[in-house]
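Protein sequences, first through last, are from chains E and X.
Under full-length UniProt numbering, the residue at position 109 of the first sequence is numbered 109, and the numbers go up by one with no gaps.
Under full-length UniProt numbering, the residue at position 99 of the second sequence is numbered 99, and the numbers go up by one with no gaps.
Read the structure below first, then the notes.
There are 2 protein chains.
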Amino acid sequence: MEKPVELNHSECMGILRPIRDALDVLNGKWKLPIIVALSFGEKRFTEIAREVHGITDRVLSKELQDLTMNGLVKRTVEDTFPVKVTYALTPHSKSLDEVIEALRKWGVLHREIILKGSSDE
Amino acid sequence: MEKPVELNHSECMGILRPIRDALDVLNGKWKLPIIVALSFGEKRFTEIAREVHGITDRVLSKELQDLTMNGLVKRTVEDTFPVKVTYALTPHSKSLDEVIEALRKWGVLHREIILKGSSDE
DNA sequence: CGGTTCACTATCCAAAAGGATATAGCTATT
DNA sequence: AATAGCTATATCCTTTTGGATAGTGAACCG
């Protein structure tokens, strides 16, 4: 018995892997709101917590770690008074702009189409 | 004490809502693999199940419902032999191509940057 | 000294996503 | 009638994600 044909898969995976990577970076309830908050300038932990309303410290901490590990956010510790920590977007995060804009545009288009209830388009 | 400034939020939400919509449609482990499988032509339930390896019937059923509700997949019941049901991408799904391509390109770029370990970009 | 701010971390929980398995209705074959 | 293939749906369970709450340590405020 020849082994089952799953070969189209390897091919698909080559396409899908980077897409998954990208979605993983952006996904979750808070990544984008945090990025947007930081797009107005660098901020401290509690400032972000206040602006991204509804997020808890625990989750914010974790999300900032994720974003930092993915090179989208730079964490800076100033060893001043009570250890000031600031978060800012990195240059790399700029490269996300096209992606975000593509998502946003499609989201708007999609909503229109769904609301029209066109079941065949 | 004036009420806290959460006004930037309404503004942010206007931008974020469509992005969230778009991510919700694409997200999850299986949506893209299913779309890719269907991009080679219409397929029947079990064909998709075989091609998208690892997916269970239960999940495939649910995902196809989601995609159909979102107008990306058309479900056709042919009342022939043993009720042949086929799934195919809709014209609307074509509009996703740019989004997917943007995600894919960014995923590739991102991987390069992460692998380089550049911690400041 | 007690209280507050900052930047977290720890513990516990609830909800959602996803997987394993079984089964149903239908037809076609034997 | 028994069996098998197709298209699901139902139950149950595990994993992941995110939320609630509290606490840490250090500095500053009164």
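We put the CB at the ideal spot given by N, CA and C, even for glycine.
C-beta atoms of residue i and residue j nearer than 8 angstroms
| i | j | result |
| --- | --- | --- |
| Ile15(X) | Val36(E) | yes |
| Ser95(X) | Trp106(E) | yes |
| Ile34(X) | Leu67(X) | yes |
| Asn27(X) | Ile114(E) | no |
| Val73(E) | His110(X) | no |
Listed by chain order, chain E residues near residue i by CB distance under 7 angstroms
| i | result |
| --- | --- |
| Ala49(X) | Per Cβ cutoff of 7 angstroms: no residues; Ala49(X) is ~13 angstroms from chain E at best. |
| Ser95(X) | Trp106, Leu109 |
| Ala102(X) | Glu98, Val99, Ala102 |
| Ile19(X) | Leu32, Ile100, Leu103, Arg104, Gly107 |
Within chain E, the residues that residue i reaches when beta carbons sit closer than 8 angstroms
| i | result |
| --- | --- |
| Ile113(X) | Gly71, His92 |
First through last residue of the beta strand (DSSP E) which encompasses residue i
| i | result |
| --- | --- |
| Thr86(E) | 84-89 |
Within chain E, the residues that residue i reaches when beta carbons sit closer than 9 angstroms
| i | result |
| --- | --- |
| Val25(X) | Trp106, Gly107, His110 |
Residues that residue i contacts on chain X, provided the C-beta gap is smaller than 8 angstroms
| i | result |
| --- | --- |
| Ala22(E) | Leu103, Arg104, Trp106, Gly107, His110 |
* What are the complete beta strand (DSSP E) segments, minimum 3 residues, inside the UniProt domain "HTH hxlR-type" (12-115) of chain E? -> 73-78, 84-89
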